[in-house]
Amino acid sequence: MSDPVPQRRRVRVWFGDHVVADYRAEAELAERYAAAMSRRFAGLRVTSDPIPDTDSGPDRALPGERLWEVAPK
Numbered sequence: 001m002s003d004p005v006p007q008r009r010r011v012r013v014w015f016g017d018h019v020v021a022d023y024r025a026e027a028e029l030a031e032r033y034a035a036a037m038s039r040r041f042a043g044l045r046v047t048s049d050p051i052p053d054t055d056s057g058p059d060r061a062l063p064g065e066r067l068w069e070v071a072p073k
């Protein structure tokens with residue numbers, strides 16, 4: 001029996017009808033990213049959708065340097 005494949009999610013940050021950030025990753029990391037983006041860009045819509053197994057889009061690593069504050073103040 002094989003290990004279950006972790007569900008992947010696609011997180012997007014929207015400015016009106018325009019996507020300003022598009023990130024794909026395993027569910028846990030994607031949800032952390034979505035939460036950080038929601039705090040950082042409180043006025044923008046952030047969506048997190050499951051990615052079908054047939055979607056071959058690339059996963060993107062988070063940047064190595066800190067670009068935004070993720071800890072609550």
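Residue numbers (UniProt numbering): 1 to 73. Think of the CB as a built atom: it goes at the ideal place given N, C-alpha and C, for glycine as much as any other residue.
Neighbour-count burial assignment, A30, 16 or more Cβ in a 10 Å radius: Locating residue 30 in the sequence shown gives position 30, where the first residue counts as 1. Answer is buried; the Cβ neighbour count reaches 16.
Distance, T47 Cα to A25 Cα: Position 25 of the sequence shown, counted from the start, is the residue given in the question as residue 25. Position 47 of the sequence shown, counted from the start, is the residue given in the question as residue 47. Distance between the alpha carbons of A25 and T47 is about 13 Å.
Bounding residues of the beta strand (DSSP E) (the contiguous stretch that carries A21): Taking the sequence shown and counting its residues from 1, the one referred to as residue 21 is at position 21. Element bounds for A21: 18 to 26.
C-beta atoms of R10 and A27 nearer than 8 Å: Position 10 of the sequence shown, counted from the start, is the residue given in the question as residue 10. Position 27 of the sequence shown, counted from the start, is the residue given in the question as residue 27. Taking a C-beta distance under 8 Å as the contact criterion, R10 and A27 do not qualify as a contact pair.
Contacts around Q7, its chain only, beta-carbon distance under 7 Å, and the 5 residues preceding and following it disregarded: Position 7 of the sequence shown, counted from the start, is the residue given in the question as residue 7. Setting aside the 5 residues that flank it on each side, Q7 is surrounded in the same chain by A27, P50, each with a C-beta closer than 7 Å to its C-beta; the list follows chain order.
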